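Student: So our numbering is basically just the index in the sequence shown, starting at one, shifted up by 1. Can you read through this structure? Questions will come right after.
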Amino acid sequence: MEKENTNQTSNISSALASGPDSGIDLVYYPDEVLRQHAAAVKDMDDSLRTTIERMVGLMRQARGIGLAAPQVGILERFFVVQIDSEPAQVFINPSIVGTSHETGMYEEGCLSIPGLYADVKRPTEIQVQAWNQNGRPFTLNADGMLARVILHELDHLNGVLFLDYLSERKREKLLQKYRKPQDSQQ
Ligand code: NI
């Protein structure tokens, strides 16, 4: 997920996202990979940990607060989250085991859909179960922005985008403003 509207241009985000040494690049809407259902991670090994480190770097460069594997073209069930000065958190094979009845609206953006922002309604509190980068299972109760980012990133593992929560009219209107960033170094 992207931080709230920061007037960041798509040029900046695409330039930073495709550094020559990063090894991974952001995939942009309407790339089909963003619509696929990701498969469970089988091996929590060094190669996965390297990918996770690169994703955390990419997320920070792009000034994001969450990044899911399908957003870098990897169809596996994991994502990273980092809010404010908190350490980055890794969620592997996550599942939501509880959600509040209470919902809230907040403006969301997405690193894969730069420049577009819209209010999305989601549960305000969740309980999530997942594994960390060391293969240890954990259960986390989250609320506020953390809950929202986790739900947004988990949607990516199921091919769901925040645009899908909008009315067709609203979505069409928003997408009229959308320009897919060009790959800057190919
Ligand atoms: Ni997103």
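Using N, Cα and C, we set each Cβ at its ideal position, and we do this for glycine too. Bear in mind the structure is a predicted one, so any value in this text is a computation, not a measurement.
1) Report the residue ranges of all beta strand (DSSP E) runs contained in full by the stretch 36-124; include only those spanning at least 3 residues, in chain order.
2) When you compare each of 70, 145 and 166 to residue 100 by their alpha carbons, which one comes out closest?
3) So the alpha helix (DSSP H) residue 156 belongs to, where does it begin and stop?
4) Do the stretch 117-129 and the stretch 163-170 make contact, defined as three or more Cβ pairs closer than 8 Å?
5) Is residue 153 near the ligand NI - that is, is its Cβ less than 7 Å away from at least one heavy atom of it?
6) As a quick exercise: from 154, 41, 142 and 139, pick the residue whose alpha carbon is nearest that of residue 77.
7) Taking the straight line between their C-alpha atoms, what separation do you get for residue 137 and residue 89?
8) Three or more C-beta pairs closer than 8 Å, one from the stretch 174-183 and one from the stretch 100-112: is that the case here?
9) To the nearest whole angstrom, what separates the beta carbons of residue 60 and residue 49, a pair I think is in contact under 8 Å?
10) Using a Cβ-Cβ cutoff of less than 7 Å, which residues in the same chain neighbour residue 132 once the five nearest sequence positions on both sides are dropped?
11) If you follow the alpha helix (DSSP H) that residue 169 is in, where does it begin and where does it stop?
12) May I ask whether a heavy atom of the ligand NI can be found less than 7 Å away from the beta carbon of residue 117?
13) Mind checking who residue 139 pairs with in its DSSP beta bridge?
Tutor: On the basis of the supplied data:
1) Segments of the beta strand (DSSP E) lying fully in the stretch 36-124: 67-69, 79-82, 90-100, 104-109 and 119-124.
2) Nearest option by C-alpha distance: 145.
3) Unbroken alpha helix (DSSP H) run through residue 156: 145-158.
4) Flag = yes, the stretch 117-129 and the stretch 163-170 touch.
5) Checking the Cβ of residue 153 against the ligand NI gives yes.
6) Out of 154, 41, 142 and 139, 41 has the C-alpha closest to the C-alpha of residue 77.
7) Inter-residue distance for residue 137 and residue 89 is about 16 Å (C-alpha atoms, whole angstroms).
8) The count of Cβ pairs closer than 8 Å, one atom from the stretch 174-183 and one from the stretch 100-112, stays below three, leaving the stretches out of contact.
9) Between residue 60 and residue 49 a beta carbon distance of about 16 Å is seen, past the 8 Å cut, so the two are scored as non-contacting.
10) Same-chain partners within the cutoff: 45, 93, 94 and 138.
11) Run containing residue 169: 169-176, per the alpha helix (DSSP H) assignment.
12) Residue 117 Cβ: outside cutoff for every heavy atom of the ligand NI.
13) In DSSP, residue 139 forms a bridge with 131.
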